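Have a look at the structure below, then the notes.
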Amino acid sequence: MSEQSYIPVLILKEGSSEREEEEVRSFILGASEVINEAISSMLGPNGKFKLIMDTFGDVTITSSGATALEEVEVEHPAAKVLVETAKTVNKDVGDGVTSTILLATELINKANELIQKGIHPSIICEGYDKALKYAQESLERNAFEINLNERKNLLNIAKTAITSFTNIEDLEYLAELAVEAVTRVLEVGKLDVDRIKVDKKSGGTLKDTLFVEGVALDKEIVHAAMPKLIRNPKIALLDTSLEVRKTEYDEKLKFKDPSMLRSFIKKEQDTMREMVNKIKATGANVVLCQKGIDDFVQYLLSKEGIAAVRRIKKSDMEKLEIATGGKIVTNLDELSPEFLGEAETFEERKLGDEKWVFVISGRKSKSVNIIIRGDNDKIVSEAERSIKKAIKSLEAIFEDPRAVSGAGAIEIELARKLRDYSTKEEGRIQYAIEAFAESLEKIPANIARNSGKDPEEVLGVLRSEHTNGKTEYGVGALSEELAINAKELGVWDPIKIKKRVLSAATETAISLLRIDRITAAAKFKPSKGEKEGQEY
-11 MSEQSYIPVL
-1 ILKEGSSERE
9 EEEVRSFILG
19 ASEVINEAIS
29 SMLGPNGKFK
39 LIMDTFGDVT
49 ITSSGATALE
59 EVEVEHPAAK
69 VLVETAKTVN
79 KDVGDGVTST
89 ILLATELINK
99 ANELIQKGIH
109 PSIICEGYDK
119 ALKYAQESLE
129 RNAFEINLNE
139 RKNLLNIAKT
149 AITSFTNIED
159 LEYLAELAVE
169 AVTRVLEVGK
179 LDVDRIKVDK
189 KSGGTLKDTL
199 FVEGVALDKE
209 IVHAAMPKLI
219 RNPKIALLDT
229 SLEVRKTEYD
239 EKLKFKDPSM
249 LRSFIKKEQD
259 TMREMVNKIK
269 ATGANVVLCQ
279 KGIDDFVQYL
289 LSKEGIAAVR
299 RIKKSDMEKL
309 EIATGGKIVT
319 NLDELSPEFL
329 GEAETFEERK
339 LGDEKWVFVI
349 SGRKSKSVNI
359 IIRGDNDKIV
369 SEAERSIKKA
379 IKSLEAIFED
389 PRAVSGAGAI
399 EIELARKLRD
409 YSTKEEGRIQ
419 YAIEAFAESL
429 EKIPANIARN
439 SGKDPEEVLG
449 VLRSEHTNGK
459 TEYGVGALSE
469 ELAINAKELG
479 VWDPIKIKKR
489 VLSAATETAI
499 SLLRIDRITA
509 AAKFKPSKGE
519 KEGQEY
């Protein structure tokens, strides 16, 4: 019998690489452990700061897990998945990012321990999925209603979200700013956080932060002769340039007769005079333009006593529309008095070493602006992140006015419930549910560790309290006590954020556990004489 010969079949491009199942697990576990170690010390009100320097040498100092993961350039494929999860959670709810990544990485680490004991990844994933559903149900049962009409309740939500400032005075000040901004833009119980603009300008102290009842623009008035202060202004909002339109093609014009040149220039100037006359006819004395304003138009507007600002961002124009009650016009021919916005004052001020323009609409303004001040760029940036985080938490509580006890209290309670639930399951799935419970307890354990407390001692006290029915007890991170009544002290987390943390962490962990092969395609390198990107 002749030997059968086999012809090798090449599917992947030469230079590609593959990792088999056993190697894949180590590959993913390695990334999980590194990220867990980097992020765990940032959890809670005593979370440590990280100093991150990018390839350009710019430095970021932050205790925000979301910021740290966004700033770091990650190459590892599994780590990229975790970073993308962090970015998604931050975009959706603005908080809970560190908890999400810690839970996801702990679930992966615990799963690896179970795999070493001979439990198949599919069984672990099934157990995790069941644990998630039961945890979500338990979360609903432990939630309590928040009265959104009580300012104190909103301050509790905002203060819980701000973890970068342990100084109680600064923390309360930032929380007050966030709550004030939210209550100003609230309309019939509906909150649109896009109406809140947060800017930063280093200089002064945190207490020099400005709360603007309207919109502030990091711009200056375009012409020195224009008025710098106008009371009760009539404001034209333009999404069109106040310039003579140039032709699509760049052509040079040649004039044999100087009179032809003068005629051409006069025609252009007449067109620009017509623009200014249209604005003047509406009664507008302030022009806020999203696009450019020609130098000659600037001169003409200044002669008429009309102030103007150009090249304003689209997002700022939208906020100006809300603040002033005006309407953005895309065609100057459509501009009419009823489209003009109103305000109490329009003013150019010096802020530090820069000029800013303020459009103040007063108490009636449905768009507000916070300009954060501070000793240096690092403090200002961290305060900006804290306020935005607080605003997103307030948005979450307005969307679903229920909260759960913070400081790790809800994680301890969910872990306790899951352990009871695991005994009702048969087979090896119960081990996966127990692993899920242990992963949840890593959150209060890290809060305790970052506060200088013994995690095992704190967990022991909390388990005892919860077994005795004190389900609202969490880690005493800012006190000498090991455990505190988080609900009573106002340490509250919106249920919407907690639900998002649980689902994002579990789904990410399951996705990574289901991977049994990693293929890295070879990069195409054109040979001599070939052009990169050439099609065949």
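Read left to right, the sequence shown gives residues -11 to 524 (my numbering). Backbone N, C-alpha and C fix where the C-beta goes; we use that ideal spot for every residue, glycine too. Just so we're clear, the structure is a prediction, and the values are computed from it rather than from any experiment.
Which partner residues does residue i have in the DSSP bridge list?
i: V347; result: V203 and F334
i: N357; result: K185 and V200
i: C277; result: L226
i: Y461; result: N473
i: K38; result: T50
i: R390; result: E133
i: D481; result: V392
i: V85; result: DSSP, once it has assigned bridges, lists no residue as partnering V85.
i: G32; result: The partner list for G32 (beta bridge, DSSP) is empty, contrary to what the question assumes.
Going by DSSP in three states, residue i sits in which element: helix, strand or coil?
i: T50; result: strand
i: G115; result: helix
i: E236; result: Any reading at E236 needs caution, since the residue's pLDDT is 46, under 50, leaving its predicted position unreliable; the model's value is listed next. Looking at E236 - three-state DSSP - the assignment turns out to be coil, as it is neither helix nor strand.
i: K486; result: helix
i: V170; result: helix
i: R219; result: strand
i: K105; result: coil
i: E175; result: strand
i: E342; result: strand
i: E18; result: Before going further, note that residue 18 is Gly rather than Glu in the sequence given. Here G18 sits in helix by DSSP.
i: G191; result: strand
i: G271; result: coil
i: G314; result: coil
What is the rounded straight-line gap between the Cα of residue i and the Cα of residue j?
i: Y461; j: I156; result: 21 Å
i: A269; j: T171; result: 38 Å
i: E383; j: V167; result: 10 Å
i: L102; j: S353; result: 58 Å
i: L120; j: E372; result: 33 Å
i: I398; j: S427; result: 13 Å
i: W344; j: A149; result: 30 Å
i: L143; j: L225; result: 36 Å
i: V181; j: I379; result: 7 Å
i: E21; j: N97; result: 7 Å
i: S553; j: R404; result: Nothing can be reported for residue 553, as the shown portion of the chain is limited to -11 through 524.
i: Q278; j: T86; result: 38 Å
i: R502; j: L70; result: 15 Å
i: T235; j: S229; result: Confidence at T235 is low in this model, with a pLDDT of 48, below 50, so the placement of that residue should be treated as unreliable; the coordinate-derived value is given next. T235 and S229: Cα-Cα distance of roughly 14 Å.
i: A296; j: F334; result: 10 Å
i: N357; j: D206; result: 12 Å
i: K147; j: G394; result: 11 Å
i: T48; j: R139; result: 33 Å
i: I421; j: P432; result: 18 Å
i: K266; j: L323; result: 8 Å
i: L466; j: L447; result: 16 Å
i: L477; j: T55; result: 28 Å
i: G362; j: E160; result: 16 Å
i: T411; j: Y419; result: 9 Å
i: G18; j: S439; result: 27 Å
i: E444; j: G464; result: 14 Å
i: A66; j: G415; result: 30 Å
Span of the alpha helix (DSSP H) holding residue i?
i: A67; result: P65 to V81
i: R299; result: Run containing R299: none; DSSP gives neither H nor E here.
i: H211; result: Note, H211: premise wrong, no alpha helix (DSSP H); not H, not E.
i: K545; result: Because residue 545 is not part of the residues shown, which for the chain are -11 to 524, the question remains open.
i: T455; result: P443 to T455
i: D408; result: A397 to S410
Thinking residue i and residue j are a contact (beta carbons under 8 Å), I'd like their distance in whole angstroms, please.
i: V347; j: V479; result: Rounded, the Cβ-Cβ distance is 38 Å, inconsistent with contact.
i: A272; j: I223; result: 7 Å
i: I375; j: L162; result: 6 Å
i: V527; j: I184; result: Look at the range of the chain in this structure, -11 to 524, and you will see that residue 527 is not part of it.
i: I417; j: G192; result: That pair is no contact at about 58 Å.
i: P215; j: G293; result: 6 Å
At which residues does the beta strand (DSSP E) containing residue i begin and terminate?
i: I294; result: Taken as a continuous stretch (DSSP letters only), I294 belongs to no beta strand (DSSP E), as it is neither H nor E.
i: L142; result: L142 -> not in any beta strand (DSSP E); alpha helix (DSSP H) instead, spanning R139 to A149.
Chain B beta carbons: is any one of them nearer than 8 Å to that of residue i?
i: E133; result: In the structure shown, chain B does not exist; there is a single protein chain.
Does the beta carbon of residue i fall short of 7 Å from some heavy atom of the ligand MN?
i: Q124; result: Ligands are entirely absent from the displayed structure, and the ligand MN is therefore not among its contents.
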